[in-house]
Amino acid sequence: MDLEHLRQLIAFAEYGTLSRTAEKLLLSQPALTRNMQRLEADLGVTLFHRKKNKLSLTETGQLAVKQGQMLLEHIQAYQAQLQNFENHRTKLYIGVCAPGPIYELRDIWEQKKLPQEFETEIREQDSLVKGLLDKTYQIIVTDQVIEKSDVISQIFFKEQLHLSIPTNHPLADRKSIALRELNHLTMLLRADLGIWDRLVDSLRQTTFIRQSDSETFDSLVQASNLPHFTTNITQLYGKLPENRIHIPITDSQATVTFYLNVLKENQRLLELILE
């Protein structure tokens, strides 16, 4: 049986006539008629009542449409599962809660020359945990230990927020700074910071100029005297202007501990990254 003929039968059930179905499917009516005849022959049943200038589905034809829709859905799911398996065999999918872990992971992959590619996306913790449990992700990086019996969590690294300012800024002589001292400043800000967005949202007396494009943001930092945030991680791996200093922010919420999380069956991935 040709599955395309089955799809055409389902389309006939939707559109009601051969002419309209042929028009929608960009087929000639004679070609569609032949395909329906072949489908009947392949199935060994009568799918249509044939009267002069009128074609309608028999009860068997109606059942064929219903069961055919289910069959095509199963085939689509089957193909998706195979493709997902193949993708996960050749590439790791890693969910993270902030940009910092992406820098760390890239550096580990480069240093260890790991052959398997990986792909990351930033998501909230609930989505990350769900994705780990349903095996959308092989690894997730969170700011909390995942307390589930089938999940292993290990400390990955700590990230501390810094205020980046030009060397001639009034705050440039400071060795550390508190978040409350950012009140009334105007700052450049990268969008999509994951868990750091919560901290940013709490700074209601600070004005932020947000930029989602990384290249545009870097250009603004180079051309501007406005403060912006860096971290101990972005200072290691990012492209930062030389005429700026980075002052650690001392509030507890400005330092985050990240955790690598895998299912127990994938414990080898933790060993691969942390060994």
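Position 241 of the sequence shown, counting from 1, maps to 241 under full-length UniProt numbering, and the rest follow consecutively. Just so it is clear, CB atoms sit at the ideal spot from N, CA and C, and this is done for glycine as well.
*How is Thr234 classed by DSSP in three states: helix, strand or coil?*
helix
_Between which two residues does the beta strand (DSSP E) holding Arg190 run?_
186–190
*So, do the segment 247–256 and the segment 149–166 have three or more beta carbon pairs nearer to each other than 8 Å?*
yes
*Do you know how far the Cα of Ile273 is from the Cα of Val151?*
16 Å
_Considering Cα atoms alone, identify which of Glu275, Glu124, Pro227, Asp192 is closest to Ala172._
Pro227
*Would you check if the distance between the CB atom of Thr46 and the CB atom of Gly61 is smaller than 9 Å?*
yes
*Classification of Met36 by the beta-carbon crowding that lies within 10 angstroms, buried from 16 upward*: buried
_Could you check whether the segment 225–244 touches the segment 123–134, counting it as contact only if at least three pairs of C-beta atoms, one from each stretch, sit closer than 8 Å?_
no
_Alpha-carbon to alpha-carbon, Val141 and Pro101_ = 7 Å
*Thinking just about the alpha-carbon of each residue, which of Phe12, Pro166, Gln138 is nearest to the one in Arg244?*
Pro166
*Below 8 Å, can you find three or more Cβ-Cβ pairs linking the segment 261–271 to the segment 169–186?*
no
*Give every residue of the same chain whose Cβ lies closer than 8 Å to the Cβ of Arg106, excluding the five residues on either side of it in the sequence, and list them in chain order.*
Tyr237
*Would the beta-carbon of Gln205 fall within 9 Å of that of Leu189?*
no
*Among Lys148, Glu147, Glu121, Asp143, which residue has its Cα nearest to the Cα of Thr136?*
Glu121
*How close, in whole Å, do the beta carbons of Leu39 and Leu9 come, if the pair is a contact with beta carbons under 8 Å?*
6 Å
*If you draw a straight line from the alpha carbon of Tyr78 to that of Glu4, how long is it in whole angstroms?*
17 Å
*Check whether the Cβ atoms of Leu240 and Ser164 lie closer than 9 Å to each other.*
yes
*Taking Ile209 as part of the beta strand (DSSP E), name the residues at either end of that continuous run.*
207–211
*Take the Cβ of Glu119 as the centre, count every other Cβ of all protein chains shown within 10 Å, and call the residue buried at 16 or more, exposed below.*
exposed
*asked:* Using the three-state DSSP reduction, which class does Glu159 fall into: helix, strand or coil?
replied: strand
*Would you identify the three-state DSSP class for His169, choosing helix, strand or coil?*
coil
_Please tell me whether Val65 and Gly194 are closer than 9 Å, where the distance is taken between their beta carbons._
no
*Selection from Glu104, Leu26, Thr17, Val200 that minimises the alpha carbon distance to Lys52*: Thr17
*Length of the line joining the Cα atoms of Tyr103 and Leu114*: 15 Å
*Identify the residues that DSSP records as bridge partners of Gly95: which are they?*
Glu121, Ile140
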